[in-house]
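Residue numbers (my numbering): 129 to 435.
Here's the structure we're looking at; comments come further down.
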Ligand SMILES: [Zn+2]
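See the structure below:
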């Protein structure tokens with residue numbers, strides 16, 4: 129089996145201001161992901177002839193324009209999945225009933241506002257626990273895509289949050305325990321604890337390369353640029369499923385009203401056209417290597433048959 133999927137977390141701009149402890153974004157910048165990035169993502173998808181899996185945050189769909197854009201994307205064949213109700217970075221620290229509300233209400237709002245029923249879930253900030261997993265199972269979620277067993281990412285995130293604290297600001301982001309690094313890097317059924325194999329929910333981990341387990345995600349691919357993105361993609365060839373996870377902000381840049389993020393996020397300084405070219409290069413390598421692009425729902429159904 130050689131399946132590939134491209135998923136996109138549609139985190140709106142205020143989330144990035146929260147991560148960096150920057151307060152509220154300027155008014156015109158707040159909704160650039162739904163207002164600008166979604167069109168660019170659909171352009172990318174048709175250029176690469178692939179379906180996207182779009183992880184939406186329920187509360188963003190309160191805005192009619194956002195809900196309409198996502199509904200159209202779903203009607204066009206892209207999968208709509210659940211990225212929680214409010215994108216609470218501290219989801220894992222909430223009480224069980226609030227965790228359940230974040231999962232179930234997120235799904236309900238997406239269903240009501242887009243007409244598309246989400247079956248997959250991704251936790252905010254790749255942080256997940258056994259308790260969140262047990263809620264997902266009770267809520268009938270078909271696959272989760274939150275586990276990121278990437279030593280380089282884990283170390284960088286831990287250092288970044290400490291750095292933000294040292295500069296006297298407070299990030300809303302939190303660090304997962306290093307146990308996540310013990311999880312399988314290929315799709316698996318979770319056990320207890322979730323980083324062991326078992327017969328529970330199907331987990332599709334965020335992609336790392338073979339060998340040094342480098343992150344194969346939007347930030348690393350777009351910062352690598354079109355040529356080195358090919359190298360990263362080649363380092364994933366051979367995996368049964370290659371699952372490239374992007375964010376809406378990966379197809380935006382400083383000129384989209386994000387100047388305030390420039391000092392904090394190097395990816396915002398790269399022109400969006402160059403970033404899109406990098407993603408297309410990575411997809412081209414996978415297609416040339418015999419991969420078929422599917423939604424994560426389709427990948428999950430195929431994996432469930434074999435698991
Ligand atoms: Zn997110």
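In this text, a Cβ means the ideal position worked out from N, Cα and C, and glycines have one as well.
Who are the Cβ neighbours of residue i in its own chain at under 8 Å, not counting the five residues just before and after it?
| i | result |
| --- | --- |
| residue 233 | 186 and 213 |
| residue 390 | 382, 396 and 397 |
| residue 359 | 352 |
If you drop the 5 nearest sequence neighbours on each side, which residues of the same chain put their C-beta closer than 7 Å to that of residue i?
| i | result |
| --- | --- |
| residue 313 | 277, 333, 336 and 341 |
| residue 150 | 388 |
| residue 394 | 351 |
Under the three-state reduction of DSSP, which class applies to residue i: helix, strand or coil?
| i | result |
| --- | --- |
| residue 217 | coil |
| residue 235 | helix |
| residue 256 | coil |
| residue 185 | coil |
| residue 398 | coil |
| residue 415 | helix |
| residue 325 | strand |
| residue 463 | The structure shown has nothing for residue 463, since the chain only spans 129 to 435. |
| residue 303 | coil |
| residue 381 | coil |
| residue 208 | strand |
Is it buried or exposed, residue i, if we count other Cβ atoms within 10 angstroms and call 16 or more buried?
| i | result |
| --- | --- |
| residue 305 | exposed |
| residue 274 | buried |
| residue 129 | exposed |
| residue 290 | exposed |
| residue 307 | exposed |
| residue 424 | buried |
| residue 343 | buried |
| residue 283 | exposed |
| residue 331 | buried |
| residue 193 | exposed |
| residue 250 | buried |
Using C-beta distances below 6 Å, list every residue in its chain close to residue i, excluding the 5 sequence neighbours before and after it, in chain order.
| i | result |
| --- | --- |
| residue 373 | 135, 334 and 345 |
* **Three-pair Cβ contact test at 8 Å for the segment 299-317 versus the segment 136-150** => Segments in contact, yes.
* How would the residue list near ligand 1 read, in chain order, if you kept each one whose beta-carbon is closer than 6 Å to any heavy atom? -> Those residues, listed in chain order, are 137, 139, 211, 215 and 252.
* Specify whether the segment 226-244 and the segment 173-191 touch according to this definition: at least 3 beta carbon pairs, one from each stretch, less than 8 Å apart. => Contact holds: three or more Cβ-Cβ distances are below 8 Å.
* Spell out a yes or no on whether the segment 234-245 and the segment 164-175 are touching, meaning 3 or more CB-CB pairs, one atom from each, closer than 8 Å. => The segment 234-245, when compared against the segment 164-175, does not touch it at the 8 Å Cβ threshold.
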